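Trainee: In this note's numbering, the protein residues as written are 8 to 467.
Sharing a structure, written as structure tokens. Questions coming.
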Amino acid sequence: MQDLAAIFEDVVEASGMAGAQLSIIKGGERIDLAAELRDVGQGEPMTVETTGQVGSVTKVFNAVLVLELVARGKLDLDEPIIRKIPELKLGDADAASKITLRHLVSMSAGIDNGDYHYYDSLRERIENLRDLPQHHAPGEGYGYSNAATDLSGYVVERTMGRSWDDLLREFVLDPAKLSHTTTRDAEQGDRMGRGHVLDPATKTYHYVEKDHFSLGSAPAGSTLTSNAADLANFGKALLDGYLDAPKSIYARGTIQGVFTPQADVPVKTLSLEWCLGPGTLEWQGTRMWWHPGGNNRGVSMLFIIPSQNAVLACTGNTPNMGGLLNAQMTGNIFPKVFGISPPPRPEVVNLPLAEQSRFLGTYAALMGELHVEQRDDRLFMRNVMRLPGNVMEFGGYLDPIGPGRFWLNVDGKGGPTNLPETYMEVALFGADTSGRATTAVTGLCAYSRAYAESCASGSC
């Protein structure tokens, strides 16, 4: 791993990050790096001790917490959660009676990703899921869901009679000696860095104005802060269990759950399957487990590569440039350290005009809609994202790359990641009684035609 510092400096500069960290553990070697600034306004350098929000990588921590309690006989992965929360109300009462922790943690519960409103507590968040759409029956598909993760965390709280934060500390953070990881900002003191936003037009940074999008979404990733070194240590604890290290920190059942695929993911460029916590990838025959994360003040990624006895963790403090950091990392660091790189973009295949009609229409979720139409004898999709105080719309042609799989080419529009050209994979699948596709997945989240039709009729 020699000369990696210079490569990482180039990666951070090219990504537009104000500052970033990289930690790699491979075999008996370890390297922890930091580059650029933790606070642009004050000119303070990023160090390996600096902490920041890690976002959705928290979901792997939450999964380990759930599995550790299962290993202790406190929870049952396959028991309907309605038995723990009898007052639970979701949009589909029948589905709510069948959803289990396994469904929630493997992203196969079928429930919507949920809203991004602010809630003061996990309980308040769960009380506001009563209208949450159900995109497919529990266990019969995949759809990434913050709401599902928060619901699993609430099951933990209700079962144990203690806060999710305290339980995470006792069963996950402390056993792995993660001294720089906490859900409470006050515990970080002066180690906490600032969150930034880069204006691509002016190449200037400004501070993120809001620290947390919601205190009620802690299990999904709204509050956990850490650094790359601690994330790598957490990944190493899981890897050691997978490789049957003599002193594995977590229970055997926990390790099996984290590394065993549970649900097939339809957008294959992002993950092949989803386990209890992370997703899987395979590049040039090398299988990996991973999870990305992003929040108001930070982004992160965690990769576990058992065949190379390796873990990589990266963090950054400019969330709107997270997509480019991921691309720069995987395109430059991975070939150097692991001898692998992301596979090339799948080639576009032909989709006859007559076969396009089954995909036409609107697919909806709480966070927005996907409108699929025909333009110039090709499929075109408009993506409308509805976030609190902000509606963002972008679109592009859907280039077919396989059965029910497409590239949404957002050419010159910036898209959700502020890149000059953004490609997003979209999956359109299922069939109603008329043969029309029923479900869409993009950005890992699910949308459904049924929910769009219920909204059109005034039922949502």
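Using N, Cα and C, we set each Cβ at its ideal position, and we do this for glycine too.
Note that this is a predicted model, so its numbers are computed, not measured.
Just how far apart, CA to CA, sit Phe220 and Asn303?
Mentor: Cα to Cα, the separation comes out at about 7 Å.
Trainee: Does Leu426 come out as helix, strand or coil in the three-state DSSP assignment?
Mentor: Residue confidence is low: Leu426 scores 44 on pLDDT, short of 50, so the model does not pin down where it sits. No coordinate-derived value is stated.
Trainee: Does the distance from the CB of Thr261 to the CB of Val67 come in under 9 Å?
Mentor: no
Trainee: In whole angstroms, what separates the C-alpha of Val215 from that of Val55?
Mentor: 21 Å
Trainee: Would Ser128 and Leu222 qualify as a contact pair, given that the criterion is a beta-carbon distance under 9 Å?
Mentor: yes
Trainee: Sort Gly98, Glu36, Pro145, Leu44 by Cα distance to Thr322 and report the nearest one.
Mentor: Leu44
Trainee: Do you know offhand how far Gln195's Cα is from Ser224's?
Mentor: Gln195 and Ser224 have their C-alpha atoms roughly 19 Å apart.
Trainee: Tell me the rounded alpha-carbon separation between Leu319 and Pro353.
Mentor: Looking at the two C-alpha atoms, the distance is approximately 26 Å.
Trainee: Quickly, what does DSSP pair Ser233 with across the bridge? List them, please.
Mentor: Gly59
Trainee: To which residues of the same chain is Ser255 closer than 6 Å at the C-beta, ignoring the five residues directly before and after it?
Mentor: So the list reads Asp247, Gly248, once near-sequence residues are dropped.
Trainee: Could you pull out every residue in the same chain whose Cβ sits closer than 7 Å to the Cβ of Ile106, ignoring the five residues on either side in sequence?
Mentor: Pro87, Ile88, Ala116, Pro145
Trainee: Do you know how far the Cα of Ser229 is from the Cα of Gly98?
Mentor: 24 Å
Trainee: Tell me whether Arg389 sits in a helix, a strand or coil according to DSSP, three-state version.
Mentor: strand
Trainee: Once you ignore the five residues that flank Ile347 on each side, which residues in its own chain have a CB closer than 7 Å to its CB?
Mentor: Trp290, Gln291, Thr293, Phe341
Trainee: Drop a sphere of 10 angstroms on the beta-carbon of Glu400, count the other beta-carbons inside from all chains shown, and report buried for 16 or more, exposed for fewer.
Mentor: exposed
Trainee: In terms of residue numbering, what span does the alpha helix (DSSP H) encompassing Phe345 cover?
Mentor: 341-345
Trainee: Looking only at its own chain, which residues have a Cβ that is under 8 Å from the Cβ of Asn316, when we skip the five neighbours before and after it?
Mentor: Lys33, Gly34, Leu246, Leu250
Trainee: Based on DSSP bridge pairs, tell me the residues matched to Ser30.
Mentor: Asp39, Ala320
Trainee: Go ahead and label Gln381 buried or exposed: buried means 16 or more other beta carbons lie within 10 angstroms of its beta carbon, across all protein chains shown.
Mentor: Exposed is the call here.
Trainee: Considering only residues of the same chain and omitting the five flanking positions on each side of Leu76, which have a CB-CB separation below 6 Å?
Mentor: Leu82
Trainee: For Tyr458, which beta-bridge partners are listed by DSSP?
Mentor: None; Tyr458 has no bridge partner.
Trainee: Answer yes if the stretch 228-243 comes into contact with the stretch 178-198, meaning at least three C-beta pairs across the two stretches below 8 Å, and no otherwise.
Mentor: yes
Trainee: Out of curiosity, what's the CA-to-CA distance linking Ser30 and His298?
Mentor: 15 Å
Trainee: Just to check my reading of the structure: Asp119 and Ser152 have Cβ atoms closer than 8 Å, yes? What is that Cβ distance to the nearest angstrom?
Mentor: 7 Å
Trainee: Suppose only complete runs of 4+ residues qualify. What are the alpha helix (DSSP H) ranges in the stretch 197-263, listed by chain order?
Mentor: 235-249
Trainee: When you compare only the Cα positions, how much space is there between Val64 and Asp383?
Mentor: 41 Å
Trainee: Express the C-alpha separation of Gly148 and Gly121 in angstroms, rounding to a whole number.
Mentor: 17 Å
Trainee: What residues are listed by DSSP as bridge partners for Met308?
Mentor: When DSSP reads this structure, Met308 sits in a beta bridge with Pro299, Cys321.
Trainee: Work out the CA separation of Leu358 and Gly160 for me, nearest whole Å.
Mentor: 43 Å
Trainee: Exposed or buried, what is Gln60 when buried is set at 16 or more other beta-carbons lying within 10 Å of its beta-carbon?
Mentor: Buried: at least 16 other Cβ atoms inside 10 Å.
Trainee: Using the beta-carbon count (16 or more within 10 Å), is His213 buried or exposed?
Mentor: exposed
Trainee: Can you tell me whether Asp119 is helix, strand or coil according to DSSP?
Mentor: coil
Trainee: Could you tell me the alpha carbon to alpha carbon distance between Glu280 and Val112, rounded to whole angstroms?
Mentor: 13 Å
Trainee: Is Gly396 buried or exposed, if buried means 16 or more other CB atoms sit within 10 Å of its CB?
Mentor: exposed
Trainee: Quick one: residues in its chain with C-beta nearer than 7 Å to the C-beta of Gly62, no 5 flanking neighbours on either side, listed in chain order?
Mentor: Gly228, Gly300, Gly301, Asn302, Gly305, Val306, Ser307
Trainee: When DSSP labels each residue in this structure, what does Pro326 get in the three-state scheme?
Mentor: helix
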